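J.:
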DNA sequence: CCTAGGTTACCTACCGGTCGGTAGTGTCGT
DNA sequence: ACGACACTACCGACCGGTAGGTAACCTAGG
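Below is the structure:
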């Protein structure tokens with residue numbers, strides 16, 4: 005806890021964190037050297053080891069910051085009342101908007117999530133992932149109970165919803181030219197509600 | 005191209021490739037040393053440099069093998085005729101089965117795709133991704149033309165379908181305990197056809 | 001006796017981490 | 001009011017270890 009920092013200057017710790025996330029995103033954990041991180045922050049190596057225990061600790065600090073930010077976003081995107089259709093659309097679109105503003109961070113999380121450990125310490129993604137699932141399946145269960153949604157397996161329904169959100173984000177990151185944006189997400193959600201089968205047709209597979 | 009190899013023995017080159025993919029998957033490109041690769045293959049370092057130009061070349065060789073295998077799987081999973089419902093289900097379920105048999109490879113591809121370059125050369129994923137998209141959107145367009153599918157934006161429909169397949173796979177990899185398997189995929193596809201809204205209800209959002 | 005397919009031994013560059021040192025700011029006994 | 005001392009926040013130099021890569025040498029088959 006620095007007693008005083010030269011005014012109008014970003015703290016060394018913050019600069020180290022910024023430099024680290026930029027480099028970890030661009031090159032990965034192992035391929036990023038401590039030297040590069042401190043160089044990007046305009047300090048020297050011992051300054052990093054003064055503020056953090058190790059290179060791993062820097063990495064974990066970034067992940068923890070990101071995790072608590074994400075928790076916050078999920079919590080404030082949650083729509084607790086109203087028609088299920090609107091609650092679902094509100095929740096998913098708000099999340100998508102948050103994603104659009106933090107693409108670089110989401111890309112970093114994706115890389116860490118799918119990437120190999122690389123010598124970096126493991127991180128508990130399941131917990132964070134569950135928070136999303138919990139909010140969504142809450143809305144789905146409400147919808148089935150109230151008769152607004154079809155009486156199907158709620159897990160299947162949650163999966164479809166998560167899948168659509170997740171894939172819309174992934175597509176935007178991976179193939180920006182194919183991304184559909186939040187309006188596309190709305191259209192797709194509409195499709196999901198109505199079904200892709202032509203109306204008035206038998207949709208069952210003949211047995 | 006070895007003229008003769010001690011019989012009943014896998015070629016050194018193949019063993020190097022096997023060892024490399026195992027280690028790259030477990031630890032990542034940068035965190036895997038050439039020493040570890042050759043140790044896993046039971047040879048020495050210069051043997052690797054005899055068969056490959058560099059560490060990067062080993063990595064690219066793996067990616068190319070995987071890419072051509074994947075092309076093959078997509079090609080033979082393609083269902084070109086029959087009711088659209090069955091074509092879609094056939095194609096997606098066959099792909100999912102192939103995925104279930106090669107989870108480790110898919111995980112590796114995911115890691116490479118989302119992960120940072122790590123000093124490894126870039127790889128053209130878009131082309132491979134497009135092959136999937138092409139087959140799916142072909143079926144979708146046929147379905148809309150024949151009246152079997154709702155007259156909606158074919159891109160949106162393709163996205164929903166891809167999203168469901170992709171997320172089902174991702175979930176299986178990331179949270180095996182939540183994976184729904186190919187039967188789950190079939191149920192979800194059924195849901196997609198019928199829509200998640202309760203039958204007989206207004207599904208439009210009131211304007 | 002040459003060449004394909006290796007091996008042993010070694011190079012240089014760079015890695016994460018730590019050393020001893022210090023400028024600047026508080027704090028406190030007198 | 002002031003010197004003694006402590007603490008925070010860093011720096012330059014350097015550590016042992018390991019990375020990718022290579023030069024030179026061996027050895028079996030044709």
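Protein chains in written order, with our numbering: chain W, 5 to 211; chain C, 5 to 211. Just so you know, even glycine gets a beta-carbon here, dropped at the ideal spot from N, CA and C. None of the values given here were measured: they were computed from a predicted structure.
#1: Nearest-angstrom Cα distance between residue 71 of chain C and residue 129 of chain C?
#2: With residue 139 of chain C and residue 78 of chain C assumed to form a contact (beta carbons below 8 Å), what rounded beta-carbon distance in angstroms separates them?
#3: Quick check: what's the CA-CA separation for residue 36 of chain W versus residue 23 of chain C?
#4: So, at 6 Å on beta carbons, what are the nonlocal neighbours of residue 40 of chain W in its own chain, with the 5 sequence-adjacent residues on each side left out?
#5: What residue range does the alpha helix (DSSP H) around residue 168 of chain W cover?
#6: Determine, using beta-carbon pairs with one atom in the stretch 182-192 of chain C and one in the stretch 182-199 of chain W, whether at least three such pairs fall under 8 Å.
#7: Identify the contact partners of residue 168 of chain C in chain W, using a Cβ-Cβ distance below 7 Å as the criterion.
#8: Please state whether the Cβ-Cβ distance between residue 64 of chain W and residue 81 of chain W is less than 7 Å.
#9: Pick helix, strand or coil for residue 201 of chain C, following the three-state DSSP scheme.
#10: Using 10 angstroms around the beta-carbon of residue 204 of chain W, count the other beta-carbons present and answer buried if the total reaches 16, otherwise exposed.
#11: Does the distance from the C-beta atom of residue 55 of chain W to that of residue 17 of chain W stay below 7 Å?
#12: Let me know if residue 174 of chain C comes out buried or exposed under the rule of 16 or more other beta-carbons within 10 Å of its beta-carbon.
#13: If you measure beta-carbon to beta-carbon, which residues of the stretch 89-121 of chain C are closer than 8 Å to chain W?
#14: Can you confirm whether residue 196 of chain C, when its beta carbon is compared against all beta carbons of chain W, has any partner nearer than 7 Å?
#15: Can you tell me which of C/49, C/61, C/95 puts its alpha carbon nearest to the alpha carbon of residue 166 of chain C?
#16: Compare the C-beta of residue 190 of chain W with all C-beta atoms of chain C and state if any pair is closer than 7 Å.
T.: Taking the coordinates as given:
#1: As a working note, residue 71 of chain C is residue 67 in the second chain. As a working note, residue 129 of chain C is residue 125 in the second chain. Computed Cα separation, rounded: 9 Å.
#2: Residue mapping note: residue 139 of chain C aligns to position 135 of the second chain, counting from 1. Residue mapping note: residue 78 of chain C aligns to position 74 of the second chain, counting from 1. Their Cβ separation, rounded to whole angstroms, is 6 Å, which keeps residue 139 of chain C and residue 78 of chain C in contact under 8 Å.
#3: Translated into positions along the first chain, residue 36 of chain W becomes position 32. Translated into positions along the second chain, residue 23 of chain C becomes position 19. Residue 36 of chain W and residue 23 of chain C: Cα-Cα distance of roughly 25 Å.
#4: Numbered from 1 along the first chain, position 36 holds the residue referred to as residue 40 of chain W. Within the same chain, and ignoring the five residues on either side of residue 40 of chain W in sequence, the residues whose Cβ sits closer than 6 Å to its Cβ are 27.
#5: Taking the first residue of the first chain as 1, we reach residue 168 of chain W at position 164. Element bounds for residue 168 of chain W: 158-178.
#6: With a cut-off of 8 Å, the stretch 182-199 of chain W and the stretch 182-192 of chain C do not count as touching, because too few Cβ pairs lie within range.
#7: Taking the first residue of the second chain as 1, we reach residue 168 of chain C at position 164. Ordered by position in chain W, the residues that pass the 7 Å Cβ test against residue 168 of chain C are 164, 167.
#8: Locating residue 64 of chain W in the first chain gives position 60, where the first residue counts as 1. Locating residue 81 of chain W in the first chain gives position 77, where the first residue counts as 1. Not closer than 7 Å, so no.
#9: Along the second chain, read from residue 1 onward, the residue named residue 201 of chain C stands at position 197. Reduced to three states, the DSSP call for residue 201 of chain C is strand.
#10: In the first chain, the residue the question calls residue 204 of chain W occupies position 200. By the 16-neighbour rule on beta-carbons within 10 angstroms, residue 204 of chain W is exposed.
#11: Within the first chain, the letter at position 51 stands for residue 55 of chain W. Within the first chain, the letter at position 13 stands for residue 17 of chain W. The Cβ atoms of residue 55 of chain W and residue 17 of chain W lie closer than 7 Å to each other.
#12: Here residue 174 of chain C corresponds to residue number 170 of the second chain, with the count starting at 1. Looking at its Cβ environment, which holds 16 or more other Cβ atoms inside 10 Å, residue 174 of chain C is buried.
#13: From the stretch 89-121 of chain C, only 89, 90, 93, 111, 114, 115, 117, 118, 119, 120, 121 have a Cβ closer than 8 Å to chain W.
#14: Position 192 of the second chain, counting from 1, holds the residue named residue 196 of chain C. Contacts with chain W at 7 Å (Cβ-Cβ) include residue 196 of chain C.
#15: The sequence position of residue 166 of chain C within the second chain is 162, counting from 1. The shortest Cα separation from residue 166 of chain C among C/49, C/61, C/95 belongs to C/95.
#16: Position 186 of the first chain, counted from the first residue, corresponds to residue 190 of chain W. Under the Cβ distance rule, residue 190 of chain W does not count among the residues neighbouring chain C, no pair being separated by less than 7 Å.
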